[in-house]
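Chemist: Below is the structure I would like to discuss, written out as structure tokens.
There are 2 protein chains.
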Amino acid sequence: MKVTILGCHSASPHENKNPTAQLLDIKAHRFLIDCGEGTQVQLRKAKVSFVHIKHVFISHLHGDHFYGLPGLISSFRLLGREAPLHIYGPKGIKEVITLLLKLAHSWTNFPLHFHELTAQDSEVIFEDEHVSVRTIPLKHRVYTNGFLFSEKLGNRRLNKDALADYAIDKSQFSLLQAGKDVTDETGTIIQNAALTLDPHKPKKYAFCSDTAYDPSIVPLIQGVDLLYHEATFLQQHAHLAAKTGHSTAQEAAAIAKEAAVGKLILGHYSSRYKDLTPFILEAQEIFPQIILAADGAVVS
Amino acid sequence: MKVTILGCHSASPHENKNPTAQLLDIKAHRFLIDCGEGTQVQLRKAKVSFVHIKHVFISHLHGDHFYGLPGLISSFRLLGREAPLHIYGPKGIKEVITLLLKLAHSWTNFPLHFHELTAQDSEVIFEDEHVSVRTIPLKHRVYTNGFLFSEKLGNRRLNKDALADYAIDKSQFSLLQAGKDVTDETGTIIQNAALTLDPHKPKKYAFCSDTAYDPSIVPLIQGVDLLYHEATFLQQHAHLAAKTGHSTAQEAAAIAKEAAVGKLILGHYSSRYKDLTPFILEAQEIFPQIILAADGAVVS
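Keeping their order, the protein sequence lines are chains R and A. Going by my numbering, the first sequence opens with residue 1, and the numbers climb by one from there. Going by my numbering, the second sequence opens with residue 1001, and the numbers climb by one from there.
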């Protein structure tokens, strides 16, 4: 599981300060999370192949979280994309993208599927054999969802050292991975546990931007390996956070602590702060495992 | 008169290859012409104060010419803008900007005036005592206008050398500038021509992007000081130009020659060309005064 920070600044884009966008590599998937203006340039800088992005999750319809999406869709078209694209986001996203395509007298030459979100409670919005994605309802000025990405328990893993001691035909490996016992060349049944290791522990990533401090999300994100939680302000500007529906570094850390997450990534910094060091200091007073998001950074 | 090229590449933005946007300083005005994704970052790089932009002219509703506009409007709002903003562009631009603002639950805290264009013939869309702007109907895949920016004849200029020989009170200078005769301290009438110089010759700038080769625009742009004409392709790809409603460097030069313009700026290069030198060589075979647009370049 790998998170690439494409942009981690709030509001207006500046040179080297991009609005929110992240790329999540999880199992066989490459998910795009939010898509502020300039995201496609950030994807190119990160040398990400556009064609592998099949699912885009948009938290809310403020410009700094989705004004890069129309251009990205245009570029997909120009690049001759044929693979379907799935877009998950608040109701209204279909209307605006459809209107933009209509005004340009163009339609995509690939299937474009909108999954418009309206639920107030957490819901599963994507699921396959590898991964599930559910919404994390957030408290912001407009309808906003964070997203919880959960790996599913994988297959049992072949224990190569143990296998060396038995005469097991390779054709039976898939049975072993599925947890079944197998028979060796002499006809003896070998217990699965003797030949396999437990699957890797499934990983979870929670993306929470934008949101006011809201402890009601804690049960949803309990114990995730990695949490991105916005920290637009420092505590000295807590009144601005409260007024604008954002969080402080201290508040983000408090959520991380209460949810006992593995690590906390901070981001969505207000442009008023030239030096970001105080964010890490403020958060570490509450929760030690802090990562400051930076445009282009990769968190594994 | 000064043109700042904010972006001069076609289609998808790349690092250091921005889609179309230009800033025109003409008399007291600072006009933004087209606004591809990333324009606000380009404006910041060019150290342009956002507040001085009061009029935005959008040629057509393809993404590479206006997907930077919603973000720019958002930034104006965040920066506390109060001055009115006028947006000139094809019908539909009001609907899409209004929808984006509605979805974000925000409205601008400054007056936003839309001037939607539908005319097939050239029309004056802005005029004051200094400047007029009229459309140049272009031939593209969607409804598209270029824009002709014309300075008006200014005041007569005070001839400081001549004034030194007369006893003329400063209170009469505005009469002189308006072309009136004045009276010196002895009561003698002094002819205006003795004290003033002709006004500067008014300048004209024509912006033509995107368009197929279309000689019908020549009468409109006849004799302009500076012409920007798109040159998406080289002549070797004339079939692509014809197919996509674009021009070649040779075609742009032919228009410049026929209209007897002062200088021709080429731009809107297709990303297939790594080296742009052939554009200047191809165009100069037809018309000598060629400038290759480059992001960040200033043409005075």
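Note that the Cβ used here is the ideal one computed from N, Cα and C, for glycine as well. Predicted model only: the values in this text are computed from it and were never measured.
(1) Just by C-beta distance, which residues in the stretch 9 to 43 of chain R are closer than 7 Å to chain A?
(2) For Ile1265/A, which three-state DSSP category applies?
(3) Name, please, each residue of chain R whose Cβ falls closer than 9 Å to the Cβ of Glu1095/A.
(4) Quick one, are the C-beta atoms of Ala1259/A and Gln1222/A less than 7 Å apart?
(5) So the alpha helix (DSSP H) Gln1222/A belongs to, where does it begin and stop?
(6) Which residue's Cα is closest to the Cα of Ala293/R: Tyr273/R, Glu285/R, Tyr269/R and Glu282/R?
(7) Alpha carbon to alpha carbon, how far is Ile1026/A from Ser1216/A? Give it in angstroms, no decimals.
(8) Run down chain A in chain order and give the residues with a C-beta less than 9 Å from the C-beta of Leu61/R.
(9) Taking only three categories from DSSP, how would you classify Ala1294/A?
(10) DSSP three-state call for Gly1154/A: helix, strand or coil?
(11) Measuring only the C-alpha atoms, how far is Thr1144/A from Phe1076/A?
(12) Cα separation between His1200/A and Ser1150/A?
(13) Apart from the five residues just before and just after Glu82/R, which ones in its own chain have a Cβ nearer than 6 Å to its Cβ?
(14) Could you give the C-beta distance for His65/R and Gly36/R, rounded to a whole number, given that I count them as a contact under 8 Å?
(15) Counting only Cβ pairs nearer than 8 Å, list the residues of chain A close to Ala68/R.
(16) May I ask you to report which of helix, strand or coil DSSP gives Asn1145/A?
(17) Taking the alpha-carbon of Ala162/R as reference, which of Leu197/R, Ile189/R and Ser174/R has the nearest alpha-carbon?
(18) Which bits of chain R does Val1142/A rub up against, with CB to CB less than 7 Å?
(19) Just reading off the alpha helix (DSSP H) that Phe1207/A is part of, what are its end residues?
(20) Evaluate the contact criterion for the stretch 98 to 105 of chain R versus the stretch 1016 to 1032 of chain A: three or more CB pairs, one atom per stretch, below 8 Å.
(21) Closest to Lys274/R by CA distance: which of Arg156/R, Leu234/R, His130/R and Leu227/R is it?
(22) Please report the distance separating the alpha-carbon of Lys152/R from that of Lys2/R.
(23) Comparing C-alpha positions only, which one of Thr1039/A, Pro1084/A, Leu1117/A and Tyr1067/A sits nearest to His1052/A?
(24) Name, in chain order, the residues that DSSP records as bridge partners for Arg30/R.
Modeler: Taking the coordinates as given:
(1) Ala11, Ser12, Pro13, His14, Glu15, Glu37, Gly38, Gln40 and Val41
(2) strand
(3) Leu99 and Leu103
(4) yes
(5) Premise fails: Gln1222/A is in no alpha helix (DSSP H) and is neither H nor E.
(6) Tyr269/R
(7) 26 Å
(8) Leu1100, Leu1103, Ala1104 and His1105
(9) coil
(10) coil
(11) 26 Å
(12) 13 Å
(13) Phe110
(14) 6 Å
(15) According to the sequence shown, residue 68/R is Gly rather than Ala. What Gly68/R touches in chain A: Glu1037.
(16) strand
(17) Leu197/R
(18) Ala104 and His105
(19) First-last for Phe1207/A: Lys1204 to Cys1208, but that is the beta strand (DSSP E), not the alpha helix (DSSP H).
(20) no
(21) Leu234/R
(22) 16 Å
(23) Pro1084/A
(24) Asp25/R
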